[in-house]
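K.L.:
Residue numbering for the sequence shown follows the working numbering, beginning at 2 and increasing consecutively. Each residue gets a CB set at the ideal place from its N, CA and C atoms; glycine is no exception. Questions regarding the structure given below will be posed in turn.
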Amino acid sequence: MPDFAEFGLGVNLAAFATAAVLVWLAGSRISRYADEISVRTGLSHALLGLLLLGGVTSLPEVAVTLSASLTGNPTLAVNNILGGVAMQVAILAVADFFMGRRALTAVVPDPVVLLQGSLNVVLLAVVAAASVIADVTVLGVGLWSWLILALFLLALRMLASADQRRPWLSNISREQEKEERAPDASKARAPDQSFAGLIGKSTAAGAVILAAGYVVSRSAEVIADETDLGQSFVGAVLVAISTSLPELSTVLSAVRLNLYTMAISDILGTNLFDVALLFVVDAGSPDKSVLSSTGTFATVGAILGILVTGLFLVGLSERRDRTVLRLGVDSTAVLVAYLGGLVLLYTLR
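Encoded structure:
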């Protein structure tokens, strides 16, 4: 792996900009591919947003997490993950702004996103507890990390089962669900494209996101170091922002295609995958029981993730279709909470 610190600030700025453009373009493409896969397979937008978009857009975090933990920098990895969770929920508020006249949470027809958000809150609550309570190492990994991994696997099983059963379907306006899917499919469908070709293109887009996302994150670290910010703040904000570019690209693309359920499921699915990466950090770090040694900064980061996720869950439950300056009330609350949280984290750096 190249040492980006050797290239200097100018080269890293150029690398960051180039890689960010590639991440953006690949993220826009993969939203269309996901919609077409949904049409071809009959899988819901919520499940595709969770498994395909959520998994693929987590790839930069995977690269950063593995690199940081294996090089003895677990603090950067943990704070990148927790900062990314809150940042990615804030991305939904940005997407809400681009919708304009309607609130994003008022037009999502699939209640499975409520389950996704609730599971995010459960996992983040465990992380917050792990950061302040002593840990015990089991098979080289902290017991808290084992619990996080088990809850993540259980969450995937619950979400897959919920998508198959769809017990809420009778309470949803079928016309609204058709309205969401019909215009999307007409734009994304390519009858002359084979399913294998579609999967190949999705895989290629994922590879671009992984490679370019890694360059974005590593160059961002060098750029951030030049500003003499604390390592925790760099991980929670600057590196987290850079690794969230795939989510920003895919979410805005999904909103433009009226794929509102997929947009929210992308973010909530990504956050589930990202929190599960804490197990990887613990397993790869030479210092065991990483979570219990991260301190107040990680605790506040986890609580901020719970807060912004909870605010969007309120919006999804209430479905108040009211906007102020192009933002739903819940999106406004999320942005205020997120920016306030950044100020607090800066004081703790």
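Would a C-beta distance cut-off of 7 Å place S266 and V114 closer than the cut-off?
P.N.:
Yes; because the gap between Cβ atoms is below 7 Å, this pair is in contact.
K.L.:
Do L124 and D136 have their beta-carbon atoms positioned less than 7 Å apart in this structure?
P.N.:
Going by C-beta atoms, D136 is not nearer than 7 Å to L124.
K.L.:
Whole beta strand (DSSP E) runs in the stretch 285 to 327 with 3 or more residues, listed along the chain?
P.N.:
Entirely contained in the stretch 285 to 327, not one beta strand (DSSP E) run reaches 3 residues.
K.L.:
Could you tell me how far apart the beta carbons of A334 and L312 are, in whole angstroms, since I believe they sit closer than 8 Å?
P.N.:
Contact flag correct, Cβ pair sits at about 5 Å.
K.L.:
Please determine if the stretch 12 to 26 and the stretch 202 to 217 are in contact, where contact requires at least 3 C-beta pairs separated by less than 8 Å.
P.N.:
Contact holds: three or more Cβ-Cβ distances are below 8 Å.
K.L.:
Looking only at its own chain, which residues have a Cβ that is under 8 Å from the Cβ of S318, when we skip the five neighbours before and after it?
P.N.:
Excluding residues within five positions, the ones whose Cβ falls inside 8 Å are L115.
K.L.:
Please list, in chain order, all residues of the same chain as T310 whose beta carbon is under 6 Å from its beta carbon, the five residues on each side excluded.
P.N.:
The residues are V90, G118, N121 and V122.
K.L.:
Give me the Cα-Cα distance between A35 and F98, rounded to the nearest whole angstrom.
P.N.:
If I take the Cα positions, the gap works out to 23 Å.
K.L.:
Helix, strand or coil for A21, going by three-state DSSP, please let me know.
P.N.:
Helix at A21.
K.L.:
Give a yes or no on whether the C-beta atoms belonging to V223 and N13 are separated by under 7 Å.
P.N.:
Result yes, Cβ atoms of V223 and N13 sit closer than 7 Å.
K.L.:
Check G141 in the structure and name its three-state DSSP category.
P.N.:
Three-state result, G141: coil.
K.L.:
Assuming L305 and G342 form a contact by the criterion Cβ under 8 Å, report the distance between their Cβ atoms to the nearest whole angstrom.
P.N.:
The Cβ separation is near 4 Å, so the contact holds.
K.L.:
Just how far apart, CA to CA, sit F153 and F274?
P.N.:
Roughly 8 Å separates the two Cα atoms.
K.L.:
If the criterion is Cβ atoms closer than 7 Å, does the pair A94 and S254 meet it?
P.N.:
Against a cut-off of 7 Å, the Cβ pair of S254 and A94 comes out as no contact.
K.L.:
Would you decide whether F298 is buried or exposed? Buried here means 16 or more other CB atoms lie within 10 Å of its CB.
P.N.:
Looking at its Cβ environment, which holds 16 or more other Cβ atoms inside 10 Å, F298 is buried.
K.L.:
DSSP puts G329 in a beta bridge; with which residues?
P.N.:
Paired residue(s): T324.
K.L.:
So the alpha helix (DSSP H) T251 belongs to, where does it begin and stop?
P.N.:
Note, T251: alpha helix (DSSP H), L246 to R257.
K.L.:
So, using beta-carbon positions, are D283 and V63 closer together than 7 Å?
P.N.:
Contact: no.
K.L.:
Going by DSSP in three states, L279 sits in which element: helix, strand or coil?
P.N.:
Helix.
K.L.:
On the CB-based measure, 16 or more other CB atoms within 10 Å of its CB, does F17 come out buried or exposed?
P.N.:
Per the 10 Å Cβ criterion, buried.
K.L.:
Give me the Cβ distance between G270 and G84, rounded to the nearest whole Å; I'm assuming they're in contact under 8 Å.
P.N.:
That belief does not hold up - the Cβ atoms of G270 and G84 are roughly 18 Å apart, past 8 Å.
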